Structures are given as C-alpha cells and as structure tokens.
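Data block below; observations after.
In our numbering, the protein residues as written are 516 to 602.
Written as structure tokens, this is what we have:
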C-alpha cells in the first residue's frame with residue numbers, strides 16, 4: 516500500500532512549521548476524524564517543505580481521507596505515493 520502525501524500551500528506549510536506543528540483548524544479536524552496525523556518534512560528546503568506525510572490512517576480508509584483533504588483550504592494536493600517512489 517502507498518503512503519498519503521499532503522502538499523500544503525506555501526503559507527500554510529510555513530505557518531505549521533513555524534508554530535511547531537499547529538495545523539489549520541479544518542485540516543486538524545479532518546485528520547482527527549481518521550485518527551491520523553501530519554508529519555512535517557525533516558531537513559527539507561524550498562518547495563519540499565510543503566510536503567507532509569500522513570501517519571496513522573488505516574489502509575482501508577486512506578483513499579477516503581485523501582478525498583476529504585484535497586479540497587481543504589491550504590491544501591494544494593493530496594495523493595497516494597506508491598511505496599517505491601520518491602515524494
């Protein structure tokens with residue numbers, strides 16, 4: 516199974532990183548509904564700072580979460596990365 520990746524827009528990603536992980540309210544609520552969490556990129560620079568991994572979501576619910584995250588404000592993209600590909 517792949518991994519859910521969320522690309523936040525520049526403003527949302529910088530705000531989240533600067534605040535130590537505080538997510539926009541709608542994103543936080545949606546993740547909570549799926550018992551999932553965003554993991555910030557480690558030692559990322561430039562645009563790669565906008566890509567966050569989602570952990571904790573059950574494999575059978577990953578597509579449902581992707582669909583719910585994609586239209587949220589601050590989210591530029593939500594996709595499932597195959598296990599053997601780079602972000």
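We put the CB at the ideal spot given by N, CA and C, even for glycine.
All values derive from a computational prediction rather than experimental measurement.
Residue environment, residue 527, which counts as buried when at least 16 other CB atoms sit within 10 Å: When all chains shown are included, residue 527 counts as buried.
Residue of 557, 576 and 561 minimising C-alpha distance to residue 568: 557
Using the three-state DSSP reduction, which class does residue 559 fall into: helix, strand or coil? coil
Is the region 588 to 598 in contact with the region 516 to 526, if contact means three or more CB pairs nearer than 8 Å? Two segments are said to touch when three or more pairs of C-beta atoms, one from each, lie closer than 8 Å; by this definition the region 588 to 598 touches the region 516 to 526.
Check residue 523 in the structure and name its three-state DSSP category. strand
Three-state secondary structure assigned by DSSP to residue 540: helix
Alpha helix (DSSP H) segments (min. 4 residues) lying fully within the region 545 to 594: For the region 545 to 594, whole alpha helix (DSSP H) runs of length 4 or above, ordered along the chain, are 577 to 584.
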